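Engineer:
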Amino acid sequence: PRRKLAKEYHGMVEPGETWWVLERNAAAAGFWRVEDYLKWRHADQQLLDNSSGGCANK
């Protein structure tokens, strides 16, 4: 999927994610664009990391 995305989004794509998965998850979360979904998901993950001291399973 990185070929379809600007470089700024490459670090937000998890290993193994396909373009289809990203589109499906974006739509399920209420987003029209994969890029908007990735920004939201990345920001949400940063909030979780900061609130748990970097450990999601705290």
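Okay, so the sequence shown: first residue is 2 according to the working numbering, each after it adds one.
Glycine is no exception: its CB is placed at the ideal position from the N, C-alpha and C atoms.
Predicted model, so just to flag it, every value in this text is computed and none were measured.
Give a yes or no on whether the C-beta atoms belonging to residue 27 and residue 34 are separated by under 8 Å.
Structural biologist: Here residue 27 refers to the residue found at position 26 of the sequence shown. Here residue 34 refers to the residue found at position 33 of the sequence shown. Against a cut-off of 8 Å, the Cβ pair of residue 34 and residue 27 comes out as a contact.
Engineer: For residue 38, which residues of its own chain have a beta-carbon under 8 Å away from its beta-carbon, when the five flanking residues on both sides are left out?
Structural biologist: Sequence index remark: in the sequence shown, residue 38 carries index 37 (1-based). Cβ within range, chain order: 23, 26, 27, 30, 32.
Engineer: Just verifying my parser: in three-state terms, what is the DSSP assignment at residue 53?
Structural biologist: As a first step, residue 53 must be located in the sequence shown, where it is residue number 52. Correct three-state label for residue 53: coil.
Engineer: What separation, rounded to the nearest whole angstrom, lies between the Cα atoms of residue 1 and residue 43?
Structural biologist: Coverage of the chain is limited to positions 2 through 59, which leaves residue 1 absent and any answer about it impossible.
Engineer: Quick one: Cα of residue 16 to Cα of residue 4, how far?
Structural biologist: Start at 1 with the first residue of the sequence shown, and residue 16 comes out as number 15. Start at 1 with the first residue of the sequence shown, and residue 4 comes out as number 3. Each residue's Cα considered, the two are about 14 Å apart.
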